[in-house]
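Here's the structure, in C-alpha cells; my notes come after.
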Amino acid sequence: MILVPTLVALASVPAAAAAQTDPRPAIVELSLAGRPRPALLRAESALASEPGRARALGIDLLRADLLARLGRERDATEAYAQALTSPSGLGPWARLRLAVLQERLGHPEVAAGLVTNLLAEGAPDGLLRPALALFAQSIERGGDCRLLGGVAAGRITGDLRRKWDLVRADCLLRLGSAVEASRLLRTLLEADSRDALALDIAARLEARVAAPDPALARRLGMAAFHHREFDKALRLLPDTPLALRLDAERADIAYARARALYWTGKYDEAAAAFDDLARRTPTATQRADSLCQAGRSLELTGRVAEALSRFRRAWEADPGGDWAPSALLGALRIEVALGEGEAARGSLARLARTPGAAGATARGALFLAVSDLQRGLFARVAETLSVAERSGEVAAEELAYWRGRLAEAVGDDEGAVERYVEVLRRRPFHPLAEAARRRLAAPGLASMARKVGLAAAGVGDPGNLQKAALLLGDTDAIGRQARLRALARLRDRRDSAAWLDWTPVPVAEWPLWSAAPTRPEDLLAGLGLFSDAGDAAIRHFPASDLRLAFSGAAALATDELATRRSLARAEALFERRPRSVPFEWVDPKLLRLLYPFPWAPLIRAQASAFRSDPTLLAAILREESRFDPAALSPAGARGLAQFTLQTAQRLARQTRLTDQVSARDLHDPALAIPLGAAYLAELGRRFPRAPAVAIAAYNAGEDQAALWRRHCVTSEPEEYLAKIGYGETKAYVIRVLESQAIYQALYGGG
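According to this note's numbering, the residues represented by the sequence shown are 80 to 829, in order.
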C-alpha cells in the first residue's frame with residue numbers, strides 16, 4: 080500500500096474549504112456523462128490555474144486518460160510521462176497506462192521496460208496482476224527477455240508465480256535453452272493441468288515435442304480434457320488394456336477418455352467405455368458413477384431399455400451414495416416415457432427417502448406430475464406436487480403455476496386464477512409468469528380473471544390493488560386506477576418511496592469530495608476512475624444511504640469494464656428491497672443497474688448481422704460472465720460469452736470472423752460478442768421457435784437439450800422447463816429467459 084506525503088498533506092486541509100475550490104466534481108461529471116472533450120478543457124484549466132493543487136489531486140493523470148479516450152495518443156503518451164512524477168502518488172497507475180498505450184501502439188519493448196520499472200519499484204497490490212499480464216504479453220510480442228533480471232520476483236506468488244514462470248520459459252525458448260524450457264514447462268504442467276495457464280503451457284510443450292513420451296502425453300491429454308478440447312484428449316490419452324486392473328491414475332484417465340467420447344457425441348463408444356470402467360473400478364461410488372454415465376450415453380442413443388438397466392444397477396451399486404439421486408432420477412424419467420407409472424412412483428418414493436436427494440426429488444416429482452397432467456391423468460397430480468413441495472427445492476412460483484394448471488383442468492377457474500396471480504406477484508418476468516398471463520387472457524379464464532380483479536380493486540389495500548392491476552391491466556380503467564392508488568400508498572411510506580422514484584445524487588454533492596484522502600485509491604475514486612479505485616469505489620457510497628449507494632453503482636456502470644462490479648453492487652442493494660414493492664414497479668433507472676446493457680451498439684449490430692435477438696444475447700452474456708471480459712471458468716471457458724477455445728475456433732472458421740483465435744482473444748468483447756451472436760443463431764436454427772431449448776443447449780449441449788425435448792408430451796415451453804434434467808441448467812434457462820423479458824421491457828425488443 081502506498082501512502083505518500085502529499086496525501087497526508089491533503090488530509091490536513093479542512094474538508095469544507097477543500098470542497099469549495101475542488102475542480103474535480105465538474106470534471107468527473109462531464110467525464111461520466113460521456114463528454115471527454117469539455118472534461119479535458121476543465122482539467123487543463125485546473126492544471127493551468129492551480130498546477131500544484133491540481134497535480135496533487137491527480138488531475139494530471141485524469142487529463143492523460145481523457146486524451147487517450149479522445150484518440151490523441153501522442154499527447155496522451157506525453158501526459159502519462161509527465162504524470163509519472165505526480166505528487167499525487169499516482170505515478171504507478173500512470174506508468175501502467177503508459178505501458179498499455181505503448182503496447183497497443185506496437186512498441187512491446189518499451190511496454191516491457193516500463194512494466195519492469197513498475198515491478199522493480201514495487202507495484203501496488205491492485206496493479207500487480209495487470210502489470211504481470213502486460214509484461215508477459217509484451218515479452219511474447221518482442222520485449223527484451225533480459226528485463227526479467229531487473230524484477231524482484233519475491234512478491235510474485237501463487238498463480239501469479241506460474242504466470243511468471245511461463246514468461247521465463249518463453250524467454251528460455253527464445254534464447255535457445257530448449258531443454259531447460261521444456262523441463263520448466265513440464266514441471267508447471269505436472270503441478271496443475273486444470274488452471275487457465277495449463278492450456279498455454281500445454282500448447283508450448285506440444286509445439287516443442289513432436290512425439291511426447293507416455294507420461295507427458297497423459298499430462299497433455301488431461302490438460303486438453305480439463306479445458307474441453309476433447310478430440311485432442313482422445314488422441315493423447317491411452318486406451319488402457321481391458322485386462323488391466325485400474326489404479327487411481329489409470330482410472331482417472333479411463334474416465335476422462337469415456338467422458339471425452341461422450342462430449343464428442345460418440346455415445347455408443349462412451350457407453351461401452353463406462354461399462355468397462357464400471358467392471359474395473361474398485362469402489363461402489365466409482366461403479367455407480369460409471370453406470371450412471373453409461374445410462375446417460377445409452378439414453379442419448381435411444382437405447383432406453385438398456386439405459387434404464389444401467390440406472391437401476393447404478394442405484395443398486397451404492398443406494399445411499401452420491402450417485403443414487405442421479406440414478407433414480409434417470410430411471411424415473413425413462414419409466415415415465417415407457418408408460419411404467421407405478422415403477423416411476425416407486426423410483427420417486429426411493430428418491431424421497433435418499434439422503435441428499437432433495438433437488439433430484441423435486442425434479443422427479445415435477446417431471447411425473449407434469450407428465451400426468453399433460454396426458455390428462457389428474458388423479459394423483461396434486462399428491463405428486465406435494466412431494467415436490469415437501470422437498471423444499473421447488474420455487475413457489477413453479478408450484479403455483481402447475482397447481483393453477485391442475486385447477487384449470489378440473490374446472491376450478493377461480494382457484495386457477497388465484498394460482499396464476501401468485502406466479503405474477505412473485506416473479507413477474509419469469510417464463511411461467513408469461514405462460515400464466517396467456518392463460519388468464521384466454522377465453523376459458525378471462526371472465527373469471529376480471530371478476531377476481533374487480534373484487535380485489537374494491538378492497539383497497541396495496542396488495543389487493545396490485546392484484547387488481549395485474550388481472551385487469553392498464554388498458555382497463557379500473558386496473559389502471561388500482562395501480563395508481565397502490566403506487567400512491569407506497570410512495571407515502573419512506574422505505575418504499577426510494578424504490579419507486581430514484582434520482583442519483585448530483586456529482587457535486589457526493590461526500591467523496593469532502594472526505595480527506597488517505598490512500599491513492601481515494602484519489603482515483605475522486606477522479607472518477609472507479610475501475611482502479613478498489614474498495615474506495617464502494618466505501619464512499621455506503622449502503623446505509625440507498626440513494627447514494629445506487630449513485631455509486633451508476634457511476635461504476637459508466638465504465639463497461641466495471642460493469643461486473645456495478646452489477647454486483649446493485650444485486651447487493653436489491654436484497655434490501657421491501658417485499659411490499661413489486662419488482663415491476665421499481666424505478667426503471669434502478670432496474671437498468673441490475674440489468675445493464677454494456678457494449679449495447681456492438682451487441683445490437685452483431686445480433687442483427689447473425690439474425691439473433693439482441694435482448695437474448697444480452698441476457699446470455701449477463702448470465703455467463705456478469706459482463707466481465709476477463710471471466711474464466713474452471714473448465715477453461717473464457718470471456719463475455721464463456722466459450723472454450725475449441726468452440727470459439729470452430730465458430731470463427733464457420734462464420735469467417737477470423738482465421739486464428741487464441742485463448743487471449745476470447746477476452747476481447749470485439750470477438751466474444753459476435754461469436755456469442757453466431758452461436759445463438761446456430762442454436763436457433765437447430766431449435767426453431769424453441770428459445771428455452773436453445774438456451775438449454777448453450778448450457779448443457781445440443782444433444783442433451785434435444786433429449787429433454789423428447790420427454791415432453793406437448794411443445795409448451797413451460798413443460799420443457801419441468802423436463803430439464805439438470806438443476807443447474809434449469810435454473811440457468813429460467814434466469815436467461817427472465818433476464819431477456821426484463822431487457823425487452825427496459826430497452827425495447829429485438
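All C-beta atoms in this analysis are idealised placements derived from N, C-alpha and C, irrespective of residue type, glycine included.
The structure presented is a predicted model; accordingly, all values stated were derived computationally and were not measured.
With a Cβ-Cβ cutoff of 9 Å, do L193 and L177 count as a contact? Taking the sequence shown and counting its residues from 1, the one referred to as residue 193 is at position 114. Taking the sequence shown and counting its residues from 1, the one referred to as residue 177 is at position 98. In this structure, L177 lies closer than 9 Å to L193 by Cβ.
Spatial neighbours of E222 within its chain, please: C-beta separation below 6 Å, excluding the five flanking residues on both sides. As a position in the sequence shown, residue 222 is number 143, starting the count at 1. Checking the sequence shown, residue 222 turns out to be Gly, not Glu. Cβ within range, chain order: P187, E188, A191.
What's the C-alpha gap between A784 and A775? For the purposes of this step, residue 784 is identified with residue 705 of the sequence shown, where counting begins at 1. For the purposes of this step, residue 775 is identified with residue 696 of the sequence shown, where counting begins at 1. Using only the alpha carbons, I get a separation of about 6 Å.
Does the segment 128 to 138 come close enough to the segment 616 to 627 that 3 or more CB-CB pairs lie under 8 Å? no
Out of R570, R314, E487, state which residue places its alpha-carbon closest to the alpha-carbon of G455. Indexing the sequence shown from 1 puts residue 455 at position 376. Of R570, R314, E487, the residue nearest in Cα terms is E487.
The alpha helix (DSSP H) spanning V460 covers which residue range? Looking up residue 460 in the sequence shown gives position 381. It spans 460 to 470 - the alpha helix (DSSP H) in which V460 sits, taken as one unbroken run.
Would you list the one or two residues that DSSP bridges to L711? Start at 1 with the first residue of the sequence shown, and residue 711 comes out as number 632. Answer by DSSP bridge pairing, in chain order: R717.
Own chain, CB closer than 7 Å to A636, minus 5 neighbours either side, in chain order: For the purposes of this step, residue 636 is taken as residue 557 along the sequence shown, with counting starting at 1. So the qualifying residues of the chain are T642, S645, L672, P675.
Measure the CB-CB distance between V415 and S450 and report whether it falls below 9 Å. Against the sequence shown, residue 415 aligns to sequence position 336. Against the sequence shown, residue 450 aligns to sequence position 371. Against a cut-off of 9 Å, the Cβ pair of S450 and V415 comes out as a contact.
Neighbour-count burial assignment, P93, 16 or more Cβ in a 10 Å radius: The residue you call residue 93 lines up with position 14 of the sequence shown. Below a pLDDT of 50, predicted positions are generally treated as unreliable, and P93, at 43, falls in that range; no measurement from the model is reported.
With 16 other Cβ atoms within 10 Å as the buried cut-off, status of E421: Numbered from its first residue, the sequence shown carries residue 421 at position 342. Classification for E421: exposed.
Which residue wins for smallest C-alpha separation from V584, given the options G631, L276, P596? Taking the sequence shown and counting its residues from 1, the one referred to as residue 584 is at position 505. Of the listed residues, the one whose Cα sits closest to V584 is G631.
For S128, count neighbouring C-beta atoms within 10 Å of its own C-beta (all shown protein chains included) and say buried if the count is 16 or more, exposed if not. The sequence position of residue 128 within the sequence shown is 49, counting from 1. Result: exposed.
Give a yes or no on contact between the segment 657 to 671 and the segment 561 to 577, applying the rule of three or more CB pairs nearer than 8 Å. yes
Within the same chain, show all residues whose beta-carbon is closer than 7 Å to that of D244, passing over the 5 residues directly before and after it, in chain order. On the sequence shown, residue 244 is found 165 positions in, with the first residue counted as 1. Closer than 7 Å at the Cβ level, and outside the excluded window around D244, lie L263, L267.
Using 10 angstroms around the beta-carbon of F390, count the other beta-carbons present and answer buried if the total reaches 16, otherwise exposed. As a first step, residue 390 is located in the sequence shown; it is residue number 311 there, counting from the start. Buried: at least 16 other Cβ atoms inside 10 Å.
Can you check DSSP and say which residues form a bridge with F722? Translated into positions along the sequence shown, residue 722 becomes position 643. Note: F722 sits in a beta bridge opposite R717.
Closest by CA to L140, which one among L120, E152, L163? The sequence position of residue 140 within the sequence shown is 61, counting from 1. The candidate whose alpha carbon is nearest that of L140 is L163.
Given P708, which residues of its chain have a CB within under 8 Å of its CB, disregarding the five upstream and five downstream residues? Residue numbering aside, residue 708 sits at position 629 when the sequence shown is read from its first letter. These residues qualify, in order along the chain: L640, G718, L719, H746, D747, P748, A751.
When you compare each of D271, D279, T726, A231 to A248 by their alpha carbons, which one comes out closest? Here the question's residue 248 lines up with position 169 in the sequence shown. Residue D279 is the option with its Cα nearest to A248.
Give every residue of the same chain whose Cβ lies closer than 8 Å to the Cβ of E200, excluding the five residues on either side of it in the sequence, and list them in chain order. One-based indexing of the sequence shown puts residue 200 at position 121. Same-chain partners within the cutoff: P171.
Cβ pair L730, L700 closer than 9 Å: Along the sequence shown, read from residue 1 onward, the residue named residue 730 stands at position 651. Along the sequence shown, read from residue 1 onward, the residue named residue 700 stands at position 621. Contact: no.
Taking the alpha-carbon positions, what's the I165 to L762 distance? For this step, residue 165 is matched to residue 86 along the sequence shown. For this step, residue 762 is matched to residue 683 along the sequence shown. The sequence given here places Ser at residue 165; Ile does not occur at that position. Roughly 53 Å separates the two Cα atoms.
State the Cα-Cα distance for the pair G552 and A604, rounded to the nearest angstrom. Taking the sequence shown and counting its residues from 1, one reaches residue 552 at position 473. Taking the sequence shown and counting its residues from 1, one reaches residue 604 at position 525. Between G552 and A604, the C-alpha separation is close to 45 Å.
Three-state secondary structure assigned by DSSP to C250: The residue you call residue 250 lines up with position 171 of the sequence shown. Helix at C250.
Note down, one range per segment and in chain order, each alpha helix (DSSP H) of at least 4 residues found wholly within the segment 293 to 368. 293 to 305, 309 to 315, 327 to 342, 346 to 359
Can A686 and P677 be called in contact, C-beta distance under 9 Å? As a first step, residue 686 is located in the sequence shown; it is residue number 607 there, counting from the start. As a first step, residue 677 is located in the sequence shown; it is residue number 598 there, counting from the start. Result no, Cβ atoms of A686 and P677 do not sit closer than 9 Å.
What would DSSP say about E807, mapped onto helix, strand or coil? Position 728 of the sequence shown, counted from the start, is the residue given in the question as residue 807. The answer is helix: DSSP assigns E807 an H, G or I state.
Span of the alpha helix (DSSP H) holding I235? The residue you call residue 235 lines up with position 156 of the sequence shown. Taken as a continuous stretch (DSSP letters only), I235 belongs to no alpha helix (DSSP H), as it is neither H nor E.
What residue range is occupied by the uninterrupted alpha helix (DSSP H) comprising V500? The count along the sequence shown starts at 1 and reaches residue 500 at position 421. Taken as a continuous stretch (DSSP letters only), the alpha helix (DSSP H) holding V500 covers 492 to 505.
W402 to W342, Cα distance in whole Å? In the sequence shown, the residue the question calls residue 402 occupies position 323. In the sequence shown, the residue the question calls residue 342 occupies position 263. Roughly 20 Å between the two C-alpha positions.
Inspect the beta-carbon positions of A386 and G374 and report whether they are closer than 9 Å. In the sequence shown, counting from the first residue as 1, residue 386 sits at position 307. In the sequence shown, counting from the first residue as 1, residue 374 sits at position 295. Closer than 9 Å, so yes.
For A125, which option in L276, R103, R114, E419 has the closest C-alpha, if you only look at C-alpha atoms? Numbered from its first residue, the sequence shown carries residue 125 at position 46. Looking at the Cα atoms, R103 is the closest of the given residues.
For Y826 and A820, the rounded distance between their alpha carbons: On the sequence shown, position 741 is the one that residue 820 refers to. On the sequence shown, position 747 is the one that residue 826 refers to. Taking the straight line joining both Cα atoms gives about 10 Å.
Quick check on the DSSP output: the alpha helix (DSSP H) that includes L408 runs from which residue to which? Within the sequence shown, residue 408 is the residue found at index 329, counting from 1. Its alpha helix (DSSP H) spans residues 403 to 416.
Determine, using beta carbons only, whether E269 and Q725 come nearer to each other than 9 Å. As a position in the sequence shown, residue 269 is number 190, starting the count at 1. As a position in the sequence shown, residue 725 is number 646, starting the count at 1. No, the pair does not count as a contact, with Cβ atoms beyond the cut-off.
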